[in-house]
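One structure is given here, and the rest of the page talks about it.
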Amino acid sequence: MYEPKIIGFLCNWCSYRGADTAGMARLKYPPNVKIVRVPCSGRISPELVLRSFREGADGVMVLGCHIGDCHYSTGNHRTAKRMPILKKLLEYTGIEPERLYINWVSAAEGEKFANVIHEFTETIRALPPITEVMK
Amino acid sequence: MNDRPRVGVYICHCGSNIAGTVDVADVARWAEKLPYVEVSRDYKFMCSSLGQELIEKDIKEREVNRVVVASCSPHLHEPTFRNACSRAGLNPYLFEMSNIREQDSWVTEDKLEATKKAKALVAAAVNRVIFQEPLESLFVPIDPNVLIVGGGITGIQAALEIADSGKHVYIVEREPSLGGHMAQFDKTFPTLDCSACILTPKMFSAGNHKNITMFTWSEVEKVEGFIGNFTVTIRKKARFIDESLCTGCGLCQEKCPKKVIDDVFEAGIGYRKAVYTPFPQAVPKYPVIDHENCTYFIKGTCKACEKFCPTGAIDFNQEDTLVTLKVGNIILATGYDLFDARKIPQYGYGRLPNVFTSLEFERLTNAAGPTGGKVYLRDGVTVPKSVAIVHCVGSRDKHYNNYCSAICCMQSLKFAHLVKEKTGAEVYEFYIDMRTPAKSYDEFYLRILKEGTHFIRGRVAEVTGTARSENKEGKLIVQAEDTLIGKQRRIPVDMVILSAGLQARADAKEVAIKFGISCSADSWFIEKHPKLDPVATMTDGVMVAGACQGPKDIPASVAQGAAAATRVLSIIGQGEIEIEAATALVNEETCVGCKECIPSCPYTSIEYLADKNKAHVIEALCKGCGTCVGTCLSKSIKLRHYTDDQLVAEMIGAMQAMKLFEAIDLETAAAGQD
Numbered sequence: 001m002y003e004p005k006i007i008g009f010l011c012n013w014c015s016y017r018g019a020d021t022a023g024m025a026r027l028k029y030p031p032n033v034k035i036v037r038v039p040c041s042g043r044i045s046p047e048l049v050l051r052s053f054r055e056g057a058d059g060v061m062v063l064g065c066h067i068g069d070c071h072y073s074t075g076n077h078r079t080a081k082r083m084p085i086l087k088k089l090l091e092y093t094g095i096e097p098e099r100l101y102i103n104w105v106s107a108a109e110g111e112k113f114a115n116v117i118h119e120f121t122e123t124i125r126a127l128p129p130i131t132e133v134m135k
Numbered sequence: 136m137n138d139r140p141r142v143g144v145y146i147c148h149c150g151s152n153i154a155g156t157v158d159v160a161d162v163a164r165w166a167e168k169l170p171y172v173e174v175s176r177d178y179k180f181m182c183s184s185l186g187q188e189l190i191e192k193d194i195k196e197r198e199v200n201r202v203v204v205a206s207c208s209p210h211l212h213e214p215t216f217r218n219a220c221s222r223a224g225l226n227p228y229l230f231e232m233s234n235i236r237e238q239d240s241w242v243t244e245d246k247l248e249a250t251k252k253a254k255a256l257v258a259a260a261v262n263r264v265i266f267q268e269p270l271e272s273l274f275v276p277i278d279p280n281v282l283i284v285g286g287g288i289t290g291i292q293a294a295l296e297i298a299d300s301g302k303h304v305y306i307v308e309r310e311p312s313l314g315g316h317m318a319q320f321d322k323t324f325p326t327l328d329c330s331a332c333i334l335t336p337k338m339f340s341a342g343n344h345k346n347i348t349m350f351t352w353s354e355v356e357k358v359e360g361f362i363g364n365f366t367v368t369i370r371k372k373a374r375f376i377d378e379s380l381c382t383g384c385g386l387c388q389e390k391c392p393k394k395v396i397d398d399v400f401e402a403g404i405g406y407r408k409a410v411y412t413p414f415p416q417a418v419p420k421y422p423v424i425d426h427e428n429c430t431y432f433i434k435g436t437c438k439a440c441e442k443f444c445p446t447g448a449i450d451f452n453q454e455d456t457l458v459t460l461k462v463g464n465i466i467l468a469t470g471y472d473l474f475d476a477r478k479i480p481q482y483g484y485g486r487l488p489n490v491f492t493s494l495e496f497e498r499l500t501n502a503a504g505p506t507g508g509k510v511y512l513r514d515g516v517t518v519p520k521s522v523a524i525v526h527c528v529g530s531r532d533k534h535y536n537n538y539c540s541a542i543c544c545m546q547s548l549k550f551a552h553l554v555k556e557k558t559g560a561e562v563y564e565f566y567i568d569m570r571t572p573a574k575s576y577d578e579f580y581l582r583i584l585k586e587g588t589h590f591i592r593g594r595v596a597e598v599t600g601t602a603r604s605e606n607k608e609g610k611l612i613v614q615a616e617d618t619l620i621g622k623q624r625r626i627p628v629d630m631v632i633l634s635a636g637l638q639a640r641a642d643a644k645e646v647a648i649k650f651g652i653s654c655s656a657d658s659w660f661i662e663k664h665p666k667l668d669p670v671a672t673m674t675d676g677v678m679v680a681g682a683c684q685g686p687k688d689i690p691a692s693v694a695q696g697a698a699a700a701t702r703v704l705s706i707i708g709q710g711e712i713e714i715e716a717a718t719a720l721v722n723e724e725t726c727v728g729c730k731e732c733i734p735s736c737p738y739t740s741i742e743y744l745a746d747k748n749k750a751h752v753i754e755a756l757c758k759g760c761g762t763c764v765g766t767c768l769s770k771s772i773k774l775r776h777y778t779d780d781q782l783v784a785e786m787i788g789a790m791q792a793m794k795l796f797e798a799i800d801l802e803t804a805a806a807g808q809d
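Protein chains in written order, with our numbering: chain A, 1 to 135; chain B, 136 to 809.
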């Protein structure tokens, strides 16, 4: 049993606030995810995700506004297209695609945020540490 | 900035909010050893003036040139600490915040784990701040126009305050008239003055104010932009009435042959026509044709209204129209829904005819209501001789809503008075606790006690039509445990009034998403701070007021409406607002002119310079989302304040800390095995 190390890239307007909403409701969730705030999920270039894996992250989360609710109107459309391709690339390189997680969490969805963290932490826990995959 | 970074780290206790879970002193000691950290402190409240002075002093005296505060969410206090840096002469973009409250101490069960997480988040912020660069903010003018969503008493109050100051207000109301729930009530507690008498003049003032434009029978479709510069699209639903011709004479309503049960204004106990204004004093005076029930729309014939309309104002071909408005600030005053008493089947509402909801009783007792203010049973002729009023229906009940709806005790006391006054019936109030905390409220309770209303302390178990003895036959029997005498009681009555609780609007969550604000688990809109910023929200330029923020009575709603108006006027008074300097920039040396970035920009702020074969960001249009950065294949675009260097540094800071803790844990485990 190991404690997975997870990096979460969260958009400033919806998902980061969703995380704050979870906090305000005092919902408890595992501490494994460390959040990096970005203005929009569209800012998350594939390099940021790959670099996180290279630095030893066992999992990477990308959370943005729901489609249609993006603070920048269509920034997250790019995320929706970009990240599934990146998952395929990960698979090709031998990294389990489940290590990259994409979802939409609004500022109101504190409960969903906490659930997503629970779920993803458990998904990653079931996988070996990334250091074993990237030997 | 060639100076060597000298980072100041400040760990906030936030009273016990953080310090109760995170070992703040340990985090501060640990941060002191991080690279480039000059000073690391922990303090009870970093946002207090003393806390801010600590930062300012260190900038001046210890030459701190980078600042990290680990405290609450940056959405709460980033501006506070940026200002503190500015005051001490440090560029505010050399500040970074670490969220160890909302995203750590409040959500992490284990204290040791919470402390570790705080350390990792602080390490991430320290690593990031080293790479941060000074930036100059942009200032944009604030549009002085204001949008108010909801035309109930709260929205009206806010609109009048702002309009009287000379600023223009747009009110958007979903129903055909202003007025909201208050227009449905008969009397208001505790003064028992007539609701319409105090509301109608306000509605009229709002309707005729030169600085107020009303959009009734309309809804907000889309909201774009940010504080000072919102663009709002409003759907004006087809009224099928040409407002420029209609005089509001009411002849169409008189002649319309189609009667429809009025589920909205009359709470289902009265009728209206297919062409209608909800009530005679409606503002605006123009009616609406309910096309779902209008005979012409259903069968293609009738047009009685058109035949009789003296000004030719009926327009069956009217369609919904979209109106685009520019506003600088928005106030949401969307009110509440009544708890649906059908959800508690044992109370019999919808099954036992003489069980009424509070809103039905309001209409029943209203002089302008379907019975002309006579309190009758559902048959419309019998005057009840005994009435039970049930408190906390759908409130303070773990099966429905945990919260207290705040108004039901006073409302029920008011009902007791009105029933006694109008019918002389015996009144039984079934309550859990009597909650009458506002000005003159408890005095009102004493008055109702003196009037001879019976008070039974206990939650009602059941309302049934099945009697156990002959003398109770034909009555409604209200069963409850009287907790003051410790006995079950079965009280036979003719009428039961369920004081249904208040709930957030059914579509509150969608509305919250539309305006970019948050809802609590009960769907009430969340204010910026529950005590010190009760009407602002986490989204600058969007305020909440009245019952959409939580259950409230009329005085509290009016106070919040006025408060929201004042907050908005204070923002307008500033004239311009600082916006983030985080815009994108193309590195022309590496840009290959592939144009991939151009369609990725949601704001068409990237242009192609053909002479140079380079992309170029128009700064005034760029909103700083960074989507182009993620798209650029030659890595030639940087988003200021969110550069690759800064984000990677933040990620590495967190990763290094996590790896360190993992190594320590492994060592400890190994030592334990020896």
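We put the beta carbon where it would ideally sit given N, CA and C, even for glycine. All figures in this text were calculated on a predicted structure; none of them were measured in a lab.
Check, Outcome
"State the Cα-Cα distance for the pair residue 317 of chain B and residue 290 of chain B, rounded to the nearest angstrom.", "12 Å"
"For residue 683 of chain B and residue 637 of chain B, what's the separation of their Cα atoms in angstroms?", "10 Å"
"CB-CB under 6 Å to residue 748 of chain B, same chain, minus the five flanking residues each way: which ones, in chain order?", "728"
"Name the residue from B:299, B:429, B:463 and B:262 whose alpha carbon lies nearest to the alpha carbon of residue 361 of chain B.", "B:463"
"Kindly indicate if chain A contains any beta-carbon less than 8 Å away from that of residue 654 of chain B.", "yes"
"Taking the CB atoms as reference points, tell me whether residue 482 of chain B and residue 595 of chain B lie closer together than 8 Å.", "yes"
"Give, in chain order, every residue of the segment 769–783 of chain B whose Cβ lies closer than 9 Å to some Cβ of chain A.", "770, 774, 776, 777, 779, 782 and 783"
"Closest by CA to residue 625 of chain B, which one among B:633, B:523 and B:761?", "B:523"
"Quick one: what does DSSP say residue 314 of chain B is sitting in, helix, strand or coil?", "coil"
"Say whether chain A places a C-beta atom closer than 8 Å to the C-beta of residue 352 of chain B.", "no"
"Any chance you could list the alpha helix (DSSP H) runs of at least 4 consecutive residues sitting entirely within the segment 177–243 of chain B, in chain order?", "184–196 and 209–222"
"If contact means a Cβ-Cβ distance below 8 Å, which residues of the segment 60–72 of chain A contact chain B?", "66, 69, 70, 71 and 72"
"Would you mind telling me which residues of chain A sit closer than 7 Å to residue 208 of chain B, beta carbon to beta carbon, in chain order?", "20"
"Going by DSSP in three states, residue 136 of chain B sits in which element: helix, strand or coil?", "Any reading at residue 136 of chain B must be qualified, since the residue scores a pLDDT of 46, below 50, and its modelled position is unreliable; no value is offered."
"Does residue 469 of chain B pass the burial test, meaning 16 or more other C-beta atoms within 10 Å, or should it be called exposed?", "buried"
"What is the C-beta distance between residue 455 of chain B and residue 370 of chain B, in whole angstroms, given that I count them as a contact (C-beta under 8 Å)?", "6 Å"
"So which of B:656, B:742, B:681 and B:806 has the shortest CA-CA distance to residue 107 of chain A?", "B:656"
"List, in chain order, every chain B residue whose beta-carbon is nearer than 7 Å to that of residue 74 of chain A.", "737"
"Taking Cβ to Cβ, would you say residue 30 of chain A is nearer than 8 Å to residue 118 of chain A?", "yes"
"With H, G and I counted as helix, E and B as strand and the rest as coil, what does DSSP make of residue 165 of chain B?", "helix"
"Is residue 724 of chain B near the ligand ZN, going by C-beta to nearest heavy atom under 7 Å?", "Ligands are entirely absent from the displayed structure, and the ligand ZN is therefore not among its contents."
"Looking only at its own chain, which residues have a Cβ that is under 8 Å from the Cβ of residue 272 of chain B, when we skip the five neighbours before and after it?", "227, 713, 714, 715 and 716"
"Looking at chain A, is there any beta carbon in it that lies within less than 8 Å of the beta carbon of residue 136 of chain B?", "At residue 136 of chain B the pLDDT is 46, less than 50, meaning the model places this residue with poor confidence; the figure from the coordinates comes in the next sentence. No, no contact with chain A."
"Please look up how many angstroms separate the CB atoms of residue 548 of chain B and residue 580 of chain B, rounded, as I've assumed it's under 8 Å.", "6 Å"
"Go through its chain and collect everything with a Cβ distance to residue 175 of chain B's Cβ below 6 Å, but skip five positions before and after it.", "144, 163, 166 and 167"
"Who are the Cβ neighbours of residue 160 of chain B in its own chain at under 6 Å, not counting the five residues just before and after it?", "177"
"Less than 8 Å between the C-beta atoms of residue 719 of chain B and residue 764 of chain B, yes or no?", "yes"
"Per the contact definition of three or more C-beta pairs closer than 8 Å, is the segment 311–331 of chain B in contact with the segment 375–388 of chain B?", "no"
"Following the continuous beta strand (DSSP E) through residue 103 of chain A, name the residue where it begins and the one where it ends.", "100–104"
"Using DSSP with H/G/I as helix, E/B as strand and the rest coil, what is residue 523 of chain B?", "strand"
"Report buried or exposed for residue 686 of chain B, applying the criterion of at least 16 other Cβ atoms within 10 angstroms of its Cβ.", "buried"
"Give the secondary structure of residue 494 of chain B by DSSP, where H, G and I count as helix, E and B as strand, and everything else as coil.", "helix"
"With DSSP run on the structure shown, which of helix, strand or coil describes residue 569 of chain B?", "coil"
"Under the DSSP definition of a beta bridge, which residues are partnered with residue 584 of chain B?", "Bridge partners of residue 584 of chain B: none, in fact."
"Please decide whether residue 314 of chain B counts as near chain A, where near means a Cβ-Cβ distance under 8 Å.", "no"
"In the DSSP output, which residue or residues are listed as bridge partners for residue 115 of chain A?", "BP columns for residue 115 of chain A are empty, so no partner."
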